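Protein chains in written order, with our numbering: chain B, 1 to 254; chain C, 1001 to 1254.
Protein chains: 2
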Amino acid sequence: MAEKASGGVQSVERAFELLELITNAGGEVTLSELSSFTSLPLPTIHRLLRTLVSLGYVRQLANRRYSLGPRLIRLGEVANKQLGSLARPHLKNLVETLGESANMAVLDSEMVVYIAQVPSPHSMRMFTEVGRRAHTHDTGVGKAILAQLEDDTVRDIVTRAGMPTPTEMSIGNISDLMLELKRIRERGYSIDEQEQEIGVRCFAMAVPDAPTPMAISVSGPVSRVDEAFAERAVPLLQSAAEQISAQLNAAAAS
Amino acid sequence: MAEKASGGVQSVERAFELLELITNAGGEVTLSELSSFTSLPLPTIHRLLRTLVSLGYVRQLANRRYSLGPRLIRLGEVANKQLGSLARPHLKNLVETLGESANMAVLDSEMVVYIAQVPSPHSMRMFTEVGRRAHTHDTGVGKAILAQLEDDTVRDIVTRAGMPTPTEMSIGNISDLMLELKRIRERGYSIDEQEQEIGVRCFAMAVPDAPTPMAISVSGPVSRVDEAFAERAVPLLQSAAEQISAQLNAAAAS
DNA sequence: CGGTCAGTTTCCGTATTATGGATATTATTA
DNA sequence: TAATAATATCCATAATACGGAAACTGACCG
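Shown next as structure tokens:
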């Protein structure tokens, strides 16, 4: 009937769609807001929510609004650990060799989420926190991920997320971004040249063949993270990305 | 046909059951393991998993095992923040005044989950991590929550979760627990008297009228957390619990 | 190196299950 | 208190998910 015969179980797809909508709406929604976002009929939404509430994945507030339930916390924690613990040794290795903070992030619909971070030993360092969401067009990891996607997908992502320009170095329109992605594809890695914060430079590389688009990066103050740093960092980034990729696609121990 | 006409959408319930099973199995399972846990037929499990994989909530490893997908991370983070960010200022306040670690936990079916934690400034302190699950009968927050529930519900919860006794102070049977809950109801707060770990005492109080049963606590070594401490702590706990309750039940801003 | 087997995936007819229009109920506003 | 808008429930319908059976894949062993 619809436009997509994906073969998936529709009620499950719809239930998760609702969860995502609640999340995107800032974690708290009314039933009718949901109905205006989805084009699903109200009774259907209500029934799915009822199910989710009874399971504890959604909770209903006193004002009858719906928000995410506590049961999701654990799923998220475990999922996080799952990927993060796999990546952390590699990031740690980068930090030990290069002396700057290393991060890993995944694409989550139209934003990137940091899922692992190893801080640099320097006192002056980045304060990237695990779980934080960031735009794709103004971060090293974001651009590295975008460079792996189809142009149409990229356009869709930045259109949905918007293109704020936190600094005067940030890329503010799609055509500039496309040019930049072209350079990244040729070069094999991305540079965040003070695009998110003045004084901070970052080198990032996508993890190839990942089940979800993801990238790793090293970042620090421009004074330390310069051309010479890049020469040391890029091969290490590449090797780490490849190792993570291999582990992701490899058989795991029993 | 089955035993439960819960009125919920079955495929959704089953999908989440699978997610929980993967989580409980440590985050990585084979299809047939799942089938042995659930009594669902293999094709059904497979179809649900396929749906979850295509949505990004489950990922399939190269060894054909299934594990939790990155998309869950964000849902968990937001759900966490939802409750935690509301509570954190109050916990921080407790820590500043009392000098001991403060926690908040919610009931999640038959266990409690810690959703916010502010560590004490002391070097010797608890290592309660956000997202951790614990039993109800041997923790301060757990007992505070149980004391708010019907006796039948309590019985059901501890039956499902079991009653392990991590220390010789732990409560090991239901009748003792019921007596303890009676004392807690009269007193208005619960005490974890080295029931989870020798040397650790904890005072906890339920958050009244919460949409989900929840409680806050302060905990520390018995040497510091004594009778005199309790006299200072209890009124503060009460006030914090009431403030959190008020916020939970207030209408949210547009 | 070929054969066997357990585990995984796909197929497809069936009927159980989710669906959503219509309606009742409950909050909210005037 | 009445009117209005939101939320929740009912129930006949058929579309949807279901699961038995069969095909496929990779692993292990002879």
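We put the beta carbon where it would ideally sit given N, CA and C, even for glycine. This structure is a prediction, so every number in the text was calculated from the model and none was measured.
| Alpha carbon of C/T1139 to alpha carbon of C/L1091, nearest angstrom | Note on geometry: alpha-carbon atoms of C/T1139 and C/L1091 lie some 18 Å from one another.
| query | Which first and last residues belong to the beta strand (DSSP E) in which B/Q117 is found? | reply | Following the DSSP letters along the chain, one finds B/Q117 inside the beta strand (DSSP E) bounded by residues 111-118.
| said: To the nearest angstrom, how far is the alpha carbon of C/R1155 from that of C/T1167? | reply: Each residue's alpha carbon lies about 21 Å from the other.
| said: Does chain B have any CB closer than 8 Å to the CB of C/V1158? | reply: False, the Cβ-Cβ gap to chain B never drops below 8 Å.
| request: Taking the CB atoms as reference points, tell me whether B/A210 and B/S245 lie closer together than 8 Å. | output: It is a contact, given that the beta carbons lie within the stated cut-off.
| task | Output the distance between the C-alpha atoms of B/K4 and B/I157, rounded to the nearest integer angstrom. | result | Low per-residue confidence applies at B/K4: pLDDT is 37, beneath 50, and the placement is therefore not dependable, though the value from the model is reported in the following sentence. Note on geometry: alpha-carbon atoms of B/K4 and B/I157 lie some 20 Å from one another.
| Mind pulling the chain B residues with CB within less than 7 Å of C/I1115? | Residues of chain B passing the Cβ test: P70, I73.
| query | To the nearest angstrom, how far is it from the Cα of B/G84 to the Cα of B/V9? | reply | Using only the alpha carbons, I get a separation of about 29 Å.
| Using a beta-carbon distance below 8 Å, is B/F16 in contact with chain C? | B/F16 counts as touching chain C.
| request: Compare the Cα-Cα distances from C/R1074 to each of B/R187, B/T51, B/T23, B/L146 and report the closest residue. | output: The alpha carbon of C/R1074 has as its nearest neighbour, out of B/R187, B/T51, B/T23, B/L146, the alpha carbon of B/T23.
| said: Cβ closer than 7 Å: which chain C residues qualify as neighbours of B/T51? | reply: For B/T51, the neighbours in chain C by C-beta distance under 7 Å run, in chain order, G1008, V1009, V1012, E1013.
| If you pair each beta-carbon of the segment 1034-1045 of chain C with each one of the segment 1056-1065 of chain C, do three or more pairs fall below 8 Å? | The answer is no - the segment 1056-1065 of chain C does not touch the segment 1034-1045 of chain C, with fewer than three Cβ pairs under 8 Å.
| query | Can you list, in chain order, the residues of its chain whose CB lies under 8 Å from that of B/A252, leaving out five sequence neighbours each side? | reply | Note that B/A252 scores 35 on pLDDT, short of 50, meaning its location in the model is unreliable; the coordinates nonetheless yield the value given after this. Nothing meets the Cβ criterion.
| field | Distance between C/F1203 and C/I1216 (C-alpha atoms, nearest Å) | value | Separation of C/I1216 and C/F1203 (C-alpha to C-alpha, rounded to the nearest whole angstrom) is 9 Å.
| task | Return no unless some Cβ of chain C is closer than 8 Å to the Cβ of B/N173. | result | With 8 Å as the cut-off, B/N173 does not count as an interface residue toward chain C.
| message | Distance cutoff 8 Å, beta carbons only. Does C/E1077 sit that close to anything in chain B? | response | Interface residue, yes.
| task | Determine the closest residue to B/S223 out of B/V234, B/T212, B/I198, with distance taken between C-alpha atoms. | result | Cα-wise, what sits closest to B/S223 is B/I198.
| Got a sec: is the Cβ-Cβ distance from C/S1219 to anything in chain B below 8 Å? | It does not: the Cβ of C/S1219 has no partner Cβ on chain B nearer than 8 Å.
| Name the chain C residues that come within less than 8 Å of B/V106, Cβ to Cβ? | Listed by position along chain C, the residues whose Cβ is nearer than 8 Å to that of B/V106 are P1070, I1073.
| request: Starting from C/Q1082, find everything on chain B with Cβ-Cβ shorter than 7 Å and list it in chain order. | output: In chain order: G27, S67, L68.
| message | Counting only beta-carbon separations shorter than 8 Å, does B/L149 have a partner in chain C? | response | By this cut-off, B/L149 is not an interface position.
| query | Which one or two residues does DSSP pair with C/L1324 in a beta bridge? | reply | The structure shown does not extend to residue 1324 of chain C, since chain C is modelled only from 1001 through 1254, so no value can be given for it.
| Beta-carbon proximity list for B/R133, same chain, < 6 Å, skipping 5 on both sides | Around B/R133: M111, V113.
| said: Taking its Cβ as the centre, do 16 or more other Cβ atoms sit within 10 Å of C/H1122, making it buried, or is it exposed? | reply: Under this definition C/H1122 is an exposed residue.
| said: Using the Cβ count rule (16 or more neighbours within 10 Å means buried), how would you classify B/P80? | reply: Here the sequence assigns Asn to residue 80 of chain B, which means Pro is not the residue at that position. B/N80 comes out buried.
| task | Could you tell me how far apart the beta carbons of C/P1208 and C/A1241 are, in whole angstroms, since I believe they sit closer than 8 Å? | result | Contact holds; Cβ gap of about 7 Å.
| said: Considering only the alpha carbon of each residue, which of B/R201, B/Q148, B/G26, B/D192 lies closest to B/R65? | reply: Among B/R201, B/Q148, B/G26, B/D192, the Cα nearest to that of B/R65 is on B/G26.
| At a CB-CB cut-off below 7 Å, which residues of chain B make contact with C/Y1057? | Contact annotation for C/Y1057 against chain B: F16 [CB-CB distance below 7 Å, chain order].
| In chain order, what residues of the same chain have a beta carbon less than 8 Å from the beta carbon of B/L289, not counting five sequence neighbours either side? | No information on residue 289 of chain B is available, as it lies outside the stretch 1 to 254 that chain B covers here.
| Roughly how many angstroms separate the alpha carbons of B/I163 and B/T44, rounded to a whole number? | Here residue 163 of chain B is Met; the residue named in the question, Ile, does not match the sequence. The straight-line gap from Cα to Cα measures roughly 35 Å.
| message | Taking 8 Å as the cut-off, does the segment 97-111 of chain B touch the segment 170-189 of chain B (at least 3 CB pairs, one atom from each stretch)? | response | No: the two stretches stay apart, fewer than three of their Cβ pairs being nearer than 8 Å.
| So who's on the other strand from B/A256, going by DSSP bridges? | Lying before the first or after the last residue shown, residue 256 of chain B is absent from chain B, which here runs from 1 to 254.
| field | Buried versus exposed, by CB contacts within 10 Å (16 or more), C/R1201 | value | By the neighbour-count criterion, in which 16 or more other beta carbons inside 10 Å mark a residue as buried, C/R1201 falls on the buried side.
| task | Using a cut-off of 8 Å between C-beta atoms, extract the partners of B/L19 located in chain C. | result | Per Cβ cutoff of 8 Å: L1075.
| message | Cβ closer than 7 Å: which chain B residues qualify as neighbours of C/R1133? | response | Close to C/R1133, with beta-carbon spacing below 7 Å, are these residues of chain B in chain order: R74.
| said: In the DSSP assignment, the alpha helix (DSSP H) including C/V1058 goes from what residue to what residue? | reply: For C/V1058, there is no enclosing alpha helix (DSSP H); the enclosing beta strand (DSSP E) covers residues 1058-1060.
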